[in-house]
Structures are given as structure tokens and as C-alpha cells.
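Encoded as C-alpha cells, the structure appears first; notes follow it.
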Ligand SMILES: Nc1ncnc2c1ncn2[C@@H]1O[C@H](COP(=O)(O)OP(=O)(O)OP(=O)(O)O)[C@@H](O)[C@H]1O
Ligand SMILES: [Mg+2]
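Residue numbers (the working numbering), protein chains in the order written: chain A, 1339 to 1651; chain B, 23 to 349.
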């Protein structure tokens, strides 16, 4: 059962990646003839045809598609048009910075959002609950660029406590990670609260109480494992938003990550780099969702034995 | 001294609009060790809230007042933690919907073992073995394998057996079974009733057995308390209650019961509906539906009084049914 579940999910993830990569291939084809972009406007047809043949553009589409794949599989994502470096190397140069920023922001949101959501749910209706939920509304209705600028004005320009741009030291990480993580933490707190309240009113929570289990035991041994299933779903879906938010945040804080590279590459139509970043982002999201699916299988026995009721569509 | 003595228990619930209602009023009852008290009455009369109040499981909007005395201690007067620990040592509950009363993400055996570990200091492994033994004791086939399965893999009857194993895991002095067999089909219901009776004899537990099926009462209980609109209107040993109900409401319930010696008379029903907790009539709550209603019934609330001729029985009625009248 578990093995079949694993296999299904892995095949689905692979299929998604294949679709994404094919989609990127098609977009690159219809976005124009590379010789138009690369060669001078007054290049002769003979020269153009020479380069078309050299880059394989004169071959049938299926043939191009196959060589595109065989290149990808050997890790060849093409050459950046701007500085002749392999696109993959440029992307990998930046990826750790984005991973650092995104990972810190995610960790921060989890560390803030989950406990506050759990506390607010347990003491629902209390003043703590109201305070958390009101703060959360502010947190997630604040656009990233606005919050970022606000933080720079306060902590960099006015108080001069923290640097406003760059990525050299740990201090550089604080403002952008806070900016990127705040909205996510707020959403997570709200979602955790509602998932927990849903679980806390279930009959099995009364059973746990009837056993004489302590409050902590009821929350952490009974409620949280149940609530974690919908929470994991949301996490999987929101990672895409986190990546999107990273683009904005990196720009505001001049953080040298993939987001800024992507904005730049799109602006100068550096297609090989755009392609490599898109595939990497897609792979990240597919991997996240695969992890979430595996988590279901682990956390919810009803999913594991193939009854997918209650699971993500 | 009875195992549990409940004195003038009120349950007040604050509704969402803020207005309080009191679905349980002045309930007094007692249960001896090894004895089964059936709590009967129509839907909504407050049976479940009474049980939840005793077991300390009321929803957060509800509050219990009065006294619930076990082992010389008033559980309602204890601080929260002390009350939890005391109840943990004394009381266990079994509910109607066993499948939803079990945690869907925990193996059955884990859930029983947890109940054991909360009550006794045993190792994880010992608790696991004991859980398997208990699951076998309540009649689960292949308990070793079943202990590793989850509630959704069980039938309703099997989950109720597991729930019973979980309840007796702590060797409670009092078992509260709130419609524990209502959701099950008739054969399973009979098996579960037998199982509960066996366990009760084996462990010497007192039991509060809630049902609105009077048919089960005769077979499952020693005494019965009849509730109407939040109050206990009549308490009596089961045989006496069936032979000569003294409260007009009890008589109405019994007349609505199909009998083995059914003589062709149409089954009667009690006309009218139970008044909702926020619209209680003054005086006796049953007066508007009562065939014996008379002067004074709507003036004061009748007090439950022991019968002079049968001190084990009590009835709360201004105009009780005379002893001579049969059902
Ligand atoms: N959480 C609640 N909020 C408001 N009213 C409630 C709540 N729980 C119970 N009540 C009311 O209290 C009254 C008694 O409910 P209770 O569940 O004790 O009845 P019951 O005798 O167990 O009925 P049943 O046979 O249907 O289980 C009902 O009128 C019900 O509407
Ligand atoms: Mg009930």
C-alpha cells in the first residue's frame, strides 16, 4: 500500500516536471528566432542560415526537442547570451543566496505562525486570540515592498542598526528575511488557528480529555497531528508564493539571489538563464508538493491505505 | 455510602448570543459500586449533559453547579488539575459514536496503551502488551494485528469494543455509557451489552447507562432514573418502575413501548413536545402534556420525594399515578 502510494506520487511529480520542461521548450520556440536577437540586424541570409544550421534550428521540431532533452539530462542548460557563461552555473551561483533567504523566512514564519496559531485556537475568544488575529491581518495585508521599505527607513536610515542592502553578513539577512516571512507567518497563524479549532471540537478530543490527559498532551499528542495534515497542504501551496515574494524582496534589499537574476534576465531576454531559473523553481515546487504528499502518507493513515478522502485534490 | 452521589446538579450553557440556558436542573442521583443506573428520557432532556458534567467533559460554554461526590470528595469543588487527576482515577466514559471518538491518526493499540499509561506507571512495552490483552478481552479478533490498525479500518461495533477497552484500561470505579449501543445494529448491540455486563461483573464497576430505549433498560440496569426537561422526575428499581410507574410521564413512556404480550391496543404516544430550556413553563414542566394535570400543577415545581410505601423509589409529581393503576 505504502509503496504504491509512493510510486503514484513520484510518477505524478515526474509527469509534472516533464510538462513544465516541455512548456518551457515551447515558450522558447515561440518567443522568436534566436538569430534575430543575436545577430546584427544587417546580417545576411547566408550568415543567418549558417547559424541556424549550427544551432540545429533547421532540423525538425521533434529532433530539436530530443536534443533539448538530452542536453538537459547532461546538465546543459545553454549558454547565457550576455556573458557566455553556462546558464546553469550562473543560476547555481545565486541559488544558495535565495535558499538562505527563503529558508530563513520559512523558518521564521513557522517559528512564529505555528505556535501563535495553536495558542490562539486553544484560548479561542480570549484577548490573546484577538490580539494574534488582529496582528495577523496587518501582517498579511502589508505588501512586501512596502514593509521592506518601511523596515529600511526605520532600522537602516533612522536607527542605523541594520544594513539595508547586500548579503555579506548575518545582519544583512535580518530585514529581508523578516520582510519575506511576515506575511507568511500571519497567514500560517490564521490557518493553523482554524485547522486547530476544527480539530479541537472533534469527539476524539473529548475522548482524550476523558482519559485524563493533560492539556499539553491533548494539544500535542492528539490535536496537532490531525491539524498538521491541512497545514502541510497550505505549506505546499504557499511555497510558490514565497518564491514570488522573494523576487520582490530581493529587489528591495539588493539581495543577490535568483529573484534579481530572473528580473535581470527577463529584461535583457537572456533566454537560457530564464529557462534554467524557471525549471529550477518548478522543480522546487514539485519537490515540495512531493514532500507534502509523502507527509500525508506518513501522518494520515486514511491517505496511506489509498482512501484519499480529505486529502488535497 | 454510594460510589457516586450527585446533588442538585445544574448545567448552564451560555449560548452564542450570550443568553444562558439551563438544560439540566437540580439533578440528584446516586450509584452504588457494581450497580447500573439507567438514565432514560426523550431526546434533549439533558441526559448527555448530566453525564458530561459528572465526567468533567462539558464543552467550554457550559458550567456545572451542585455537588458530584466520589470518595468523600466533591469533584466540582476541586481545582481543575486536581479534578482531572481524581476523575482519571475513578471515571471512564464510552460514547455513542465510537468511530469518531477515536483519534483517526493514531493506531487503536496506541490509544488504549495511552489510557493505560495515564493511569499506571508501566513501560511503553508493558502498556502495549496490556492494550493487546484488553483488545482481546473485549472480543476483538486477532488483537495483536488489530492493535496496529486505525479506526477507519474498523466497523462501528469493533470501534465500540476498542472504545470499551480504552475505558476499562484505567480500571475505573464508574463507567458512564452514553448511548453506547444506539448507533449499532441489533445483534451487535446485544453483544456489546453482554460485554459491558461481563466487564462490570468482573471489575465491580458502578455504571450510568444512558439510553432512550426503554427496551434495553429492563435487561441492562438495576435502577432507572427518568429525566424530563432537565430534571429527574422518577427514580425506581427497574422491575418496580415497569410494574407501576408513578409519574405520568414514565407511564406515558412505557405505554409507548411495544410489548411482547402486545394485545392489539394501538401504542400510545405522549402528545405535545418537550419545552425548550429557555421556555420552561412555571410549575411542573410536564404539566402542559400531562393527562393527569390538575390544579396547582402549574404553580410550583414538584420536588422529588421518596415514596412512603417504597423508600427506594422517588417521584417528583403533584398528582402521581396511584399504585392501583396498571400500565
Ligand atoms: N453545546 C450546547 N449549546 C447549547 N445547547 C446545548 C448544547 N448541548 C446541549 N444543549 C441543549 O441541552 C439540552 C440537553 O442536551 P443533551 O445532549 O444533554 O440531551 P440528551 O438527553 O442527551 O438528548 P439525546 O437523547 O438526543 O442525546 C438540549 O435541549 C440541547 O439542545
Ligand atoms: Mg445525548
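Backbone N, C-alpha and C define an ideal beta-carbon position, used for all residues, glycine too.
Computed from a predicted model, the values in this text were never measured in an experiment.
Residue i: CB within 7 Å of a non-hydrogen atom of ligand 1
i	result
residue 256 (chain B)	no
residue 1475 (chain A)	no
residue 201 (chain B)	yes
residue 45 (chain B)	yes
residue 76 (chain B)	no
residue 266 (chain B)	no
residue 17 (chain B)	The structure shown has nothing for residue 17 (chain B), since chain B only spans 23 to 349.
residue 1548 (chain A)	no
residue 1462 (chain A)	no
residue 35 (chain B)	yes
residue 1541 (chain A)	no
residue 1479 (chain A)	no
residue 65 (chain B)	yes
residue 234 (chain B)	yes
residue 328 (chain B)	no
residue 297 (chain B)	no
residue 1453 (chain A)	no
residue 81 (chain B)	yes
Proximity test, residue i beta-carbon vs ligand 2 heavy atom, cut-off 7 Å
i	result
residue 166 (chain B)	no
residue 70 (chain B)	yes
Neighbour flag for residue i against chain C, beta carbons, 8 Å
i	result
residue 1638 (chain A)	Absent here is chain C; the protein component of the structure consists of chains A and B.
Neighbourhood of residue i by C-beta distance below 6 Å, restricted to the same chain and skipping five residues each side
i	result
residue 204 (chain B)	118
residue 35 (chain B)	43, 83 and 84
residue 90 (chain B)	28, 76, 97 and 98
residue 154 (chain B)	165, 166 and 169
Cβ-Cβ distance between residue i and residue j below 8 Å
i	j	result
residue 187 (chain B)	residue 167 (chain B)	no
residue 260 (chain B)	residue 64 (chain B)	no
residue 1549 (chain A)	residue 137 (chain B)	yes
residue 340 (chain B)	residue 324 (chain B)	yes
residue 291 (chain B)	residue 278 (chain B)	yes
residue 1577 (chain A)	residue 1626 (chain A)	yes
residue 33 (chain B)	residue 248 (chain B)	no
residue 230 (chain B)	residue 254 (chain B)	no
residue 131 (chain B)	residue 189 (chain B)	no
residue 1633 (chain A)	residue 1570 (chain A)	yes
residue 162 (chain B)	residue 183 (chain B)	yes
residue 92 (chain B)	residue 112 (chain B)	yes
residue 1527 (chain A)	residue 1451 (chain A)	yes
residue 321 (chain B)	residue 315 (chain B)	no
residue 1564 (chain A)	residue 134 (chain B)	no
residue 313 (chain B)	residue 270 (chain B)	yes
residue 1422 (chain A)	residue 1586 (chain A)	no
residue 1541 (chain A)	residue 122 (chain B)	yes
residue 1455 (chain A)	residue 1534 (chain A)	yes
residue 293 (chain B)	residue 311 (chain B)	yes
residue 1474 (chain A)	residue 1467 (chain A)	no
Chain-order list of residues whose beta-carbon lies under 8 Å from that of residue i (same chain, five-residue window excluded)
i	result
residue 1446 (chain A)	1515, 1516, 1519 and 1523
residue 1494 (chain A)	1500, 1501, 1502 and 1513
residue 1440 (chain A)	1518, 1580, 1581 and 1584
residue 1615 (chain A)	1429, 1596, 1599, 1600 and 1603
residue 1417 (chain A)	1423, 1424, 1425 and 1610
residue 214 (chain B)	179, 182, 183, 186, 202, 203 and 206
Cβ shell of residue i (< 7 Å), same chain only, five flanking positions each side left out
i	result
residue 1485 (chain A)	1517 and 1520
residue 95 (chain B)	108
residue 1646 (chain A)	Here the model assigns residue 1646 (chain A) a pLDDT of 41, short of 50, so the residue's position is not dependable, and the following value carries that caveat. Cβ within range, chain order: n/a, list empty.
residue 228 (chain B)	25, 26, 53, 54, 55, 56, 57, 195 and 196
residue 1651 (chain A)	Legend: pLDDT at residue 1651 (chain A) = 31, less than 50; position of this residue unreliable, no value from coordinates given.
residue 1366 (chain A)	1609 and 1613
Whole-angstrom C-beta distance between residue j and residue i, which should lie under 8 Å
i	j	result
residue 24 (chain B)	residue 54 (chain B)	5 Å
residue 31 (chain B)	residue 104 (chain B)	Rounded, the Cβ-Cβ distance is 19 Å, inconsistent with contact.
residue 251 (chain B)	residue 60 (chain B)	At roughly 18 Å, the Cβ-Cβ gap does not stay under 8 Å, so residue 251 (chain B) and residue 60 (chain B) are not in contact.
residue 1362 (chain A)	residue 1619 (chain A)	Incorrect: roughly 11 Å between the Cβ atoms, too far for contact.
(request) With 7 Å as the limit, tell me which residues of the region 1548-1580 of chain A have their beta carbon closer than that to any beta carbon of chain B; keep them in chain order. (result) Here the close residues are 1548, 1549, 1550, 1551, 1560, 1563 and 1564.
(message) Tell me which residues of the region 1617-1639 of chain A have at least one Cβ-Cβ distance to chain B shorter than 7 Å, keeping chain order.
(response) For the region 1617-1639 of chain A, the set of residues with a beta-carbon nearer than 7 Å to any beta-carbon of chain B comprises 1637, 1638 and 1639, in chain order.
(request) Select from the region 199-213 of chain B all residues with a C-beta closer than 9 Å to any C-beta belonging to chain A, and list them in chain order. (result) The residues in question: there are none.
(request) Taking only beta carbons into account, state which residues of the region 122-143 of chain B come closer than 9 Å to chain A, listed in chain order. (result) Hits within the stretch, in order: 122, 123, 124, 125, 126, 127, 128, 129, 133, 136, 137, 140 and 141.
(request) Scan the region 1513-1545 of chain A for residues whose Cβ lies nearer than 9 Å to a Cβ of chain B and list them as they occur along the chain. (result) Those residues of the region 1513-1545 of chain A placed with their C-beta closer than 9 Å to a C-beta in chain B are 1539, 1540, 1541, 1542, 1543, 1544 and 1545, ordered along the chain.
(message) Short of 7 Å Cβ to Cβ, which residues in the region 186-197 of chain B face chain A?
(response) Considering only beta carbons, no part of the region 186-197 of chain B lies closer than 7 Å to chain A.
(request) Determine which residues of the region 62-77 of chain B have a Cβ less than 7 Å from any Cβ of chain A, and write them out in chain order. (result) The residues in question are 77.
(request) Would you list, in chain order, the members of the region 151-179 of chain B that have their beta-carbon closer than 9 Å to a beta-carbon of chain A? (result) Here the close residues are 171, 172, 173, 174 and 175.
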